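Going down the list, the sequences are from chains R and D. Throughout the first sequence, residue numbering follows our numbering, covering 631 to 881 in sequence. Throughout the second sequence, residue numbering follows our numbering, covering 631 to 881 in sequence. From the three backbone atoms N, C-alpha and C, an ideal C-beta is built for every residue, glycine too. Being a predicted model, the structure only gives us computed values, none of them experimental. Each remark here refers to the structure printed beneath this line.
2 protein chains.
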Amino acid sequence: MATERSGGGDPVRTLALLWRRPAEPKPVGRKPKVSVDQIVVAAIAVADREGLGAMSMARVAQELSVGTMSLYTHVPGKGELIDLMTDAVLQERDLTPAGTWRERIKHYADRTRAVYQAHPWMRDVSMVRPPLGPGLMDGQEFVLAALADSGLEPKQVTVAHVAVEGFVHGAASSEVDDRQLEETTGESSDSWWGARQVFWEDYFDVERYPTMTNLWNANAYHTETTIADNMRSGFDYGLEKLLDGIEGGMR
Amino acid sequence: MATERSGGGDPVRTLALLWRRPAEPKPVGRKPKVSVDQIVVAAIAVADREGLGAMSMARVAQELSVGTMSLYTHVPGKGELIDLMTDAVLQERDLTPAGTWRERIKHYADRTRAVYQAHPWMRDVSMVRPPLGPGLMDGQEFVLAALADSGLEPKQVTVAHVAVEGFVHGAASSEVDDRQLEETTGESSDSWWGARQVFWEDYFDVERYPTMTNLWNANAYHTETTIADNMRSGFDYGLEKLLDGIEGGMR
DNA sequence: TATTGTTTCCGTATGGCCTACGGAAATGGG
DNA sequence: CCCATTTCCGTAGGCCATACGGAAACAATA
């Protein structure tokens with residue numbers, strides 16, 4: 631399945647839901663069996679356990695012992711529900727502003743990474759038209775504040791923000807992608823690569839790929855670490871170097 | 631829809647397809663109406679025009695005027711077909727090794743970005759268990775060769791490789807995500823943000839978001855550029871700073 | 001030409017998805 | 001008790017991937 635798109639519906643309705651601005655309470659009429667909060671929590675639970683692909687309206691309704699169509703009374707549709715789920719988990723970051731600007735950005739990266747680890751389906755959510763809720767906005771403010779404190783010019787802050795945000799979400803996505811594949815396919819990454827041993831035997835061409843061959847012979851790939859560890863250190867290194875570059879560019 | 635997973639089938643069969651190692655020609659039996667190449671080309675055409683979500687086996691078969699199940703004679707399943715599509719478009723990069731190591735990495739980034747622009751559905755393909763075909767391998771060799779020429783130690787080359795590859799694919803994905811949303815939803819990004827004007831009026835809290843307020847007042851967001859241009863310059867800036875950092879880290 | 005072995009083609013069937021529609025059921029006030 | 005209001009939810013339509021197995025096409029042989 632391709633990436634889930636959200637944020638397509640009526641902005642006024644969706645924003646009111648994201649910020650939980652309640653419609654004035656209804657004095658009459660049938661009592662609701664479920665609330666928006668319950669639906670969001672149940673949907674997150676299903677997606678955490680079985681992936682976003684399994685998070686169908688029917689499945690969430692089942693989780694709540696309610697008919698499928700009842701959900702549509704409280705939530706406009708599936709896209710908006712994903713918006714609500716996304717902002718809810720972003721709020722879990724609970725960012726604490728302390729330390730140098732670099733430390734705060736690393737804190738942001740760590741907390742964001744933790745969200746992705748806890749909710750791997752975040753990998754499948756597009757963030758180019760994000761839910762404009764408190765979870766997203768608080769994160770943006772946090773990163774912008776750190777970058778502003780670094781001494782960058784205002785215009786540079788906004789440019790650097792795009793770069794940092796892109797790197798963090800991209801890195802978190804890739805890491806989680808790996809972990810999620812292990813769960814959904816039931817095959818570990820190491821096993822997957824092992825099953826493709828035949829590639830190196832039958833298809834790898836030493837003449838065509840001299841650099842890879844050299845690196846192999848230099849033992850650059852002979853580590854005790856797992857695939858996941860390699861990705862993690864690659865991204866840690868990348869963020870460090872990106873911040874080095876940003877810092878160095880100011881002089 | 632969530633991200634498409636591929637590479638799940640029999641590795642031997644999939645590798646033979648990726649490298650077009652033909653089974654020995656069949657002298658007898660019914661003549662095939664379609665070839666693997668035709669199927670891949672048709673699938674890419676459908677995905678280019680209508681997105682990966684619309685690229686169903688039935689839709690591809692229709693494109694070729696063939697029954698749906700006929701495809702399964704030539705391709706094990708949908709996952710493997712996506713592998714073949716992916717490697718095919720990666721081959722379009724046609725990388726030319728010239729210039730300094732930095733210039734070559736930027737060349738790689740540009741060519742990869744061009745592939746994503748031409749085939750926006752690449753955003754929806756997971757690259758953590760990539761198709762081990764010529765398109766992918768040539769790209770890896772190219773980046774590794776550039777990094778090795780930069781003077782990094784072998785072990786550092788492999789770490790930096792993860793960071794660069796992650797950044798480039800992440801950046802290309804985000805850019806294309808934006809473009810693809812414009813096509814599939816029929817609403818431009820500028821229009822989408824415009825429709826959320828109400829957010830700034832009804833929900834934005836100046837006290838809660840002082841940095842954003844300051845940046846706004848400093849005219850940091852008052853540019854003539856589009857969303858897409860902003861993303862592009864953010865990622866160009868980020869790659870530049872990342873390479874600065876890698877270069878600086880060697881001294 | 002008729003037969004046989006081999007390969008490809010493809011119709012059917014299963015179980016899932018989202019959500020428009022509209023009637024049934026519950027609730028509080030008069 | 002009645003009725004306006006609100007929520008609940010069954011049905012129905014049109015998509016998806018692919019297992020299975022028989023029909024059809026083709027080359028070599030008799």
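Proximal chain D residues relative to residue i, where beta-carbon distance stays under 7 Å
i: M767/R; result: Y839
i: D807/R; result: S756, V758
i: I876/R; result: K871
Pair within 8 Å by beta-carbon distance, residue i and residue j
i: V768/D; j: G879/R; result: The sequence shown places Asp at residue 768/D, not Val. No, the pair does not count as a contact, with Cβ atoms beyond the cut-off.
i: W649/D; j: G763/D; result: yes
i: H627/R; j: V664/R; result: As displayed, chain R neither begins before 631 nor continues past 881, which places residue 627/R out of reach and without an answer.
i: S804/D; j: M861/D; result: yes
i: L872/R; j: L872/D; result: yes
i: Q747/R; j: V806/R; result: yes
i: P706/D; j: R651/D; result: no
i: F772/R; j: L645/D; result: no
Spatial distance of residue i from residue j (CA atoms)
i: Q827/R; j: Y833/R; result: 10 Å
i: D717/D; j: P655/R; result: 56 Å
i: A632/R; j: G681/D; result: Confidence at A632/R is low in this model, with a pLDDT of 49, below 50, so its placement is unreliable and the value that follows should be read with caution. Answer to the nearest angstrom: the Cα atoms are 9 Å apart.
i: T742/R; j: V719/R; result: 10 Å
i: T855/D; j: S863/D; result: 10 Å
i: D640/D; j: L701/D; result: 17 Å
i: L714/D; j: A858/D; result: 29 Å
i: Q770/R; j: Q668/R; result: 27 Å
i: A739/D; j: V798/D; result: 6 Å
i: G709/D; j: M699/D; result: 15 Å
i: L711/D; j: R838/D; result: 49 Å
i: A744/R; j: G800/R; result: 14 Å
i: P760/R; j: D724/D; result: 34 Å
i: D678/D; j: V755/R; result: 21 Å
i: A684/D; j: G816/R; result: 27 Å
i: E877/R; j: I876/D; result: 13 Å
i: T841/D; j: H852/D; result: 15 Å
i: L647/D; j: H737/D; result: 29 Å
i: V690/R; j: S818/R; result: 28 Å
i: T843/D; j: A802/R; result: 28 Å
i: V836/R; j: I735/R; result: 42 Å
i: A688/D; j: V666/D; result: 16 Å
i: M757/R; j: E831/R; result: 41 Å
i: K785/R; j: S686/D; result: 44 Å
i: E733/D; j: A653/R; result: 57 Å
Proximal residues of chain R, C-beta to C-beta of residue i below 7 Å
i: Y833/D; result: L645, W649
i: L762/D; result: R826, F829
i: T845/D; result: It is worth fixing the name first, because residue 845/D is Leu in this sequence and not Thr. Chain R residues near L845/D: L774, P784, V787, T788.
i: W731/D; result: Result: empty, since nearest Cβ-Cβ is about 12 Å, beyond 7 Å.
i: G816/D; result: Going along chain R, no residue has its Cβ under 7 Å from G816/D, so there is no contact; the nearest lies around 10 Å.
Neighbouring residues, chain R, relative to residue i (Cβ below 8 Å)
i: V642/D; result: V828
Per-residue contacts from residue i into chain D (C-beta, under 8 Å)
i: L811/R; result: R635, S756, V758, R759
Residue i: contacting residues in chain R (beta-carbon distance under 9 Å)
i: M715/D; result: Near M715/D there are no residues of chain R at all, since even the closest Cβ is about 13 Å away, more than 9 Å.
i: G707/D; result: Under the 9 Å cutoff, chain R gives no residues; its nearest Cβ is about 14 Å from G707/D.
9 Å Cβ cut-off: residues of chain D touching residue i
i: M752/R; result: By Cβ distance, chain D contributes nothing, its closest Cβ being about 11 Å from M752/R, past 9 Å.
i: G639/R; result: By Cβ distance, chain D contributes nothing, its closest Cβ being about 11 Å from G639/R, past 9 Å.
Near the ligand ZN: residue i beta-carbon under 7 Å from a heavy atom
i: S863/D; result: Because no ligand of any kind appears in the structure shown, any question about the ligand ZN cannot be addressed here.
Task: the segment 659-677 of chain D in contact with the segment 687-695 of chain D per 3-pair CB rule at 8 Å - done: yes
Task: Meets three-Cβ-pair contact criterion under 8 Å: the segment 818-833 of chain R and the segment 747-755 of chain D - done: no
Task: the segment 835-851 of chain R / the segment 802-812 of chain R touching (three or more Cβ pairs under 8 Å) - done: no
Open item on the list: I want to know whether the segment 769-784 of chain R touches the segment 642-659 of chain D - three or more CB-CB distances under 8 Å.
Closed with: Three or more Cβ pairs closer than 8 Å define a contact, and the segment 769-784 of chain R falls short of that threshold against the segment 642-659 of chain D.
Task: Contact set between the segment 771-803 of chain R and chain D, restricted to residues whose Cβ is under 8 Å from the partner - done: E771, L774, A775, A778, P784, K785, V787, T788, V789, A790, H791, V792, A793, V794, G796, F797, H799, G800, A801, S803
Open item on the list: I want to know whether the segment 785-802 of chain D touches the segment 859-878 of chain R - three or more CB-CB distances under 8 Å.
Closed with: yes
Open item on the list: Any C-beta of chain D within less than 7 Å: which residues of the segment 848-867 of chain R qualify?
Closed with: Hits within the stretch, in order: A848, A850, Y851, N860, M861, S863, G864, F865, Y867.
- [ ] Taking 8 Å as the threshold, find out whether the segment 782-789 of chain D comes into contact with the segment 711-731 of chain R through three or more Cβ pairs.
- [x] no
Task: Members of the segment 674-703 of chain D that neighbour chain R once the beta carbon cut-off is set at 7 Å - done: G681, L682, G683
Open item on the list: Using a Cβ-Cβ cutoff of 7 Å, what residues of the segment 658-674 of chain R are near chain D? List them in chain order.
Closed with: Along the segment 658-674 of chain R, there is no position whose C-beta sits under 7 Å from a C-beta of chain D.
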